[in-house]
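S.K.:
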Amino acid sequence: MDTIEKIKQQIEENPIILYMKGSPKLPNCGFSAQATQALMSCGEQFAYVDILQNPDIRAELPKYADWPTFPQLWVDGELVGGCDIIMEMTQQGELQTLIKESAAKRAGETPAE
């Protein structure tokens, strides 16, 4: 499986996935730390890929996503964006709504309005 196929598979198999530097418990940059905190505050599980441990993904994902920087948040197969967008959505209450709706789809529920 080539790197692009691996990326596609990760995005398909994980409704909420964060490509970041480090791990949620030990982020290796401030932007990844902020993105992780915002996601964890939503209270739902999410997958992550440490791009420092996966140099092939680090090299190929920006081309695939047409997004040059990390972290990158993907929800339901769509690129949400990087740290600035994640933080802006958090402040406006949009991130929690997006994450809760994604989690509800997985659980087969209808999100509460």
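Note that full-length UniProt numbering numbers the sequence shown so that position 50 is 50, with each residue one more than the last. Positions of the beta carbon are idealized from the N, C-alpha and C atoms, including for glycine.
1) Between the C-alpha atoms of Glu78 and Asn14, what's the straight-line distance to the nearest angstrom?
2) Glu44 to Leu26, Cα distance in whole Å?
3) Which whole runs of the beta strand (DSSP E) in the region 40–91 are 3 residues long or more, in chain order?
4) Taking the alpha helix (DSSP H) that Leu98 belongs to, which residues open and close that run?
5) Rounded to whole angstroms, what's the CA-CA distance from Glu5 to Ile17? Just pull it up for me.
6) Assuming Ser41 and Pro71 form a contact by the criterion Cβ under 8 Å, report the distance between their Cβ atoms to the nearest whole angstrom.
M.R.: So, from the listed chains and residues:
1) Rounded to whole angstroms, the gap between the alpha carbons of Glu78 and Asn14 is 11 Å.
2) So the two alpha carbons sit approximately 18 Å from each other.
3) 47–50, 72–75, 78–81, all fully within the region 40–91.
4) Here the alpha helix (DSSP H) through Leu98 covers 94–107.
5) So the two alpha carbons sit approximately 16 Å from each other.
6) About 15 Å separates the two Cβ atoms, so there is no contact after all.
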